[in-house]
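Read through the structure below, which is laid out as structure tokens, and then see the notes.
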Ligand SMILES: Cc1cc2nc3c(=O)[nH]c(=O)nc-3n(C[C@H](O)[C@H](O)[C@H](O)COP(=O)(O)OP(=O)(O)OC[C@H]3O[C@@H](n4cnc5c(N)ncnc54)[C@H](O)[C@@H]3O)c2cc1C
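Numbering (my numbering), first residue to last: 4 to 284.
As structure tokens, then:
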């Protein structure tokens with residue numbers, strides 16, 4: 004499986020990076036926390052061209068851009084965890100970053116890498132689905148936007164073309180009345196890949212909860228939105244009813260970390276608790 008790296012390239016700008024990967028089968032390296040594990044274990048080989056994107060100017064950062072929040076692809080999980088802007092506007096990302104690995108990994112791991120690795124258990128994906136995030140992709144042909152909910156096609160697979168670089172993630176600044184929560188279950192509180200994860204979000208107005216979002220990780224080939232759970236929350240069902248609907252709309256597999264039965268139990272339990280914490284207190 005081992006293949007030789009023939010060329011190593013460290014672009015300084017997005018333009019240099021997309022020129023370097025155009026028409027080639029390149030391996031992109033951001034924080035390397037997934038890539039190095041996968042190449043060392045033989046799960047995937049390096050391609051002849053290795054492109055280190057970690058020094059591209061302007062590819063990091065967390066900021067507002069008009070009525071949206073922009074996360075640069077190289078924003079690290081530590082950066083997200085300690086961002087005052089995110090804590091104020093989208094605390095559900097802070098919450099997810101808090102239960103993500105430990106400091107050593109968080110300091111290197113990027114949000115762009117978490118998305119492009121496309122693990123069904125990627126912890127930053129569930130909160131970004133709640134926030135209606137879009138991803139920005141760049142190539143020599145220009146830039147395009149894709150809703151995050153349409154980005155994933157299977158485990159490790161996305162709609163990103165081989166010649167595209169994920170440059171940023173954008174989401175609308177949540178309105179007044181917005182509330183959200185994220186829960187992950189692993190065998191340890193952090194330093195562990197999620198056995199399941201759940202997120203819910205909505206905005207409260209005089210009539211009740213609107214624009215409800217529910218999302219689940221590690222219970223399908225990709226992280227998913229739970230549209231029937233969303234409808235049940237919007238209708239004002241009880242926490243128990245909503246949790247049973249959540250359980251019925253996920254289809255997990257059994258693997259080394261948990262059985263399908265256990266994952267369904269966790270989805271029901273965590274959804275019920277989250278409903279209580281986010282919508283009833
Ligand atoms: C000990 C340990 C604990 C971990 N704990 C967690 C956890 O709790 N939760 C969790 O979700 N993950 C966890 N991970 C997995 C990993 O840290 C994350 O998925 C991380 O966010 C990946 O980011 P990275 O920058 O390291 O990506 P890399 O490893 O550099 O890249 C990952 C993939 O994305 C591609 N890529 C990266 N950036 C871009 C870009 N901008 N454009 C296009 N393609 C790109 C790469 O080519 C590669 O295929 C853990 C890993 C380890 C080793």
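For each residue, glycine too, the CB sits at the ideal point set by N, CA and C.
Within the stretch 27–57, the complete alpha helix (DSSP H) segments of 4 residues or longer fall at 38–44, listed in chain order. DSSP, reduced to helix, strand and coil, places residue 9 outside both helices and strands of the structure shown, so it counts as coil. For residue 80, the CB contacts under 6 Å within the same chain, skipping 5 residues up- and downstream, are 100, 103, 109 and 112 in chain order. Relative to ligand 1, even the nearest heavy atom lies 7 Å or more away from the CB of residue 43. The stretch 201–233 is shown to contain whole beta strand (DSSP E) runs of 3 or more residues at 211–220, in chain order. With at least 16 other beta carbons inside 10 angstroms of its own, residue 266 counts as buried. By the C-beta density criterion, residue 187 is buried, having at least 16 other C-beta atoms within 10 angstroms. For residue 122, no beta strand (DSSP E) encloses it, and the DSSP letter there is neither H nor E.
Between the alpha carbons of residue 32 and residue 244 lies a distance of about 44 Å. Just so you know, the alpha carbons of residue 257 and residue 49 end up roughly 30 Å apart.
A distance criterion of 7 Å places the beta-carbon of residue 258 beyond contact range of ligand 1, judged by its closest non-hydrogen atom.
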